[in-house]
Amino acid sequence: MVNNNYDCEGTVETLRGQRVLFTGKTFYRGEHRSRKQLEKDISMKGGFPQPGTRNVSSTLLVLGGLHPDVVIDGKNGRSQTLVFIDEQAARGNHICIIDDAGFEALLNDRAAPCIQHRRSIPSGA
Numbered sequence: 001m002v003n004n005n006y007d008c009e010g011t012v013e014t015l016r017g018q019r020v021l022f023t024g025k026t027f028y029r030g031e032h033r034s035r036k037q038l039e040k041d042i043s044m045k046g047g048f049p050q051p052g053t054r055n056v057s058s059t060l061l062v063l064g065g066l067h068p069d070v071v072i073d074g075k076n077g078r079s080q081t082l083v084f085i086d087e088q089a090a091r092g093n094h095i096c097i098i099d100d101a102g103f104e105a106l107l108n109d110r111a112a113p114c115i116q117h118r119r120s121i122p123s124g125a
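Following this line, the structure appears as structure tokens:
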């Protein structure tokens with residue numbers, strides 16, 4: 001098993017070296033971006049787009065808007081990829097999650113908050 005548990009501090013600093021997955025539709029500057037364009041954007045910033053929807057070596061998931069047809073966990077509004085990310089976290093394999101705003105920040109050389117990190121902080125911490 002790959003273990004990406006690198007003591008996430010709650011921030012993704014760069015796309016460089018990141019192995020990136022996507023779920024949902026991703027928007028950049030208010031416009032939908034195709035996967036092909038997103039993969040090109042990531043590669044230009046030194047990252048590595050990952051094939052498929054589940055890859056244990058991934059380090060980053062870009063969470064876009066989820067269409068109801070891809071939601072398999074209706075109670076929590078999660079896609080198959082998000083369920084996979086949660087399963088990996090339970091196994092100690094942390095994969096950071098960012099939203100469209102975080103992805104836009106990284107494309108503009110700014111840090112992005114890790115949503116997965118926020119979800120794992122106990123309340124009152």
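With the UniProt record's numbering as the guide, the letters of the sequence shown map in order to residues 1 to 125. All C-beta atoms in this analysis are idealised placements derived from N, C-alpha and C, irrespective of residue type, glycine included.
- Each residue's CA atom was taken as its position, placing G24 and V62 some 8 Å apart.
- For E39, same chain residues with a beta-carbon under 6 Å away, outside a window of 5 residues either side, are P49 in chain order.
- Residue pairing for A112: DSSP places it in a beta bridge opposite V12.
- Around the beta carbon of Q88, 16 or more other beta carbons lie within 10 angstroms, which makes this residue buried.
- By the CB criterion at 9 Å, R35 and F27 fall outside the cutoff.
- Residue range R19 to T23 is occupied by the beta strand (DSSP E) that includes R19.
- A straight line joining the alpha-carbon of L15 with that of C96 spans about 12 Å.
- Per DSSP, the continuous alpha helix (DSSP H) segment holding I85 begins and ends at Q80 to A90.
- A distance below 8 Å between beta-carbons, with the five flanking residues on each side excluded, links V20 to the following residues of its chain, in chain order: I42, G47, F48, P49, Q50, S58, T59, L60, L61 and V62.
- Counting along the chain, the unbroken alpha helix (DSSP H) around I42 starts and ends at R35 to M44.
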